[in-house]
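Each residue of the sequence shown is one higher than the one before, starting from 57 at the first, in the working numbering.
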Amino acid sequence: MQSLAGDWSGTGRVLTRIGGTNLKVSCTLRSDASASTVSMNGKCRGLAVFTRSFSATVKAAGERYTGNYVGPSGLPSKLAGSRKGAALNLRVTWARLVNGDRDAVLTIEKVGQNRLRLQTVDQDPASGQPVVTSRIDLQRPSTAKR
């Protein structure tokens, strides 16, 4: 997890709710990491009107990863999952109902040496189909201008 450490910035899209508006966002992220723990603190801005902070802490215990995520609501949500290759696949148990339930999947994926993708997938309560509710592609600032 040490390779996740550092400063990251990038852009992405966030759904306000399933079936709602898909907003373009610009984000920054600061990540501190050791061999078995990563702590992330970030901010995303959209439409030059709103700023939302988020944080996550994930700890490895053997093959399992657990932690907490705090999003715009300020309430801590639980994370639990495993690693597959360069991706942490984490089940999110939201602190409150989101899109009709309390479950989603968060993937934190290292893409190459200097890129990071954060993606949340939720289930559409009407169709039962998976929906990408956020996808943020970040890179280390030194590679951002290339």
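The beta-carbon is built from N, C-alpha and C at its ideal position, and this holds for glycine as well.
Query: On the three-state DSSP scale, how would you describe L60?; Result: helix
Query: Return the first residue and the last residue of the beta strand (DSSP E) that E165 is part of.; Result: D157 to V167
Query: Using 8 Å as the Cβ pair cut-off and three pairs as the minimum, do the stretch 146–161 and the stretch 124–137 touch?; Result: yes
Query: Evaluate contact between the stretch 176–183 and the stretch 79–97, counting only Cβ atoms and requiring at least three cross-stretch pairs below 8 Å.; Result: no
Query: Measure the beta-carbon distance from V114 to G123 and round it to whole angstroms, keeping in mind my assumption that it falls under 8 Å.; Result: 4 Å
Query: Sorted by chain position, which residues of the same chain lie with C-beta nearer than 8 Å to Q58's C-beta, five sequence neighbours on each side aside?; Result: A89, S90 and A91
Query: Identify whether S198 lies in helix, strand or coil by the three-state DSSP scheme.; Result: helix
Query: Span of the beta strand (DSSP E) holding G102?; Result: T93 to G102
Query: Looking only at its own chain, which residues have a Cβ that is under 6 Å from the Cβ of S95, when we skip the five neighbours before and after it?; Result: D88 and T113
Query: To the nearest angstrom, how far is it from the Cα of R158 to the Cα of L144?; Result: 20 Å
Query: Give the secondary structure of Q179 by DSSP, where H, G and I count as helix, E and B as strand, and everything else as coil.; Result: strand
Query: With G102 and V70 assumed to form a contact (beta carbons below 8 Å), what rounded beta-carbon distance in angstroms separates them?; Result: 7 Å
Query: For T176, which residues of its own chain have a beta-carbon under 6 Å away from its beta-carbon, when the five flanking residues on both sides are left out?; Result: A160, L162, T189 and S190
Query: Once you ignore the five residues that flank G75 on each side, which residues in its own chain have a CB closer than 7 Å to its CB?; Result: none
Query: Tell me where the beta strand (DSSP E) around N124 begins and ends.; Result: R120 to V126
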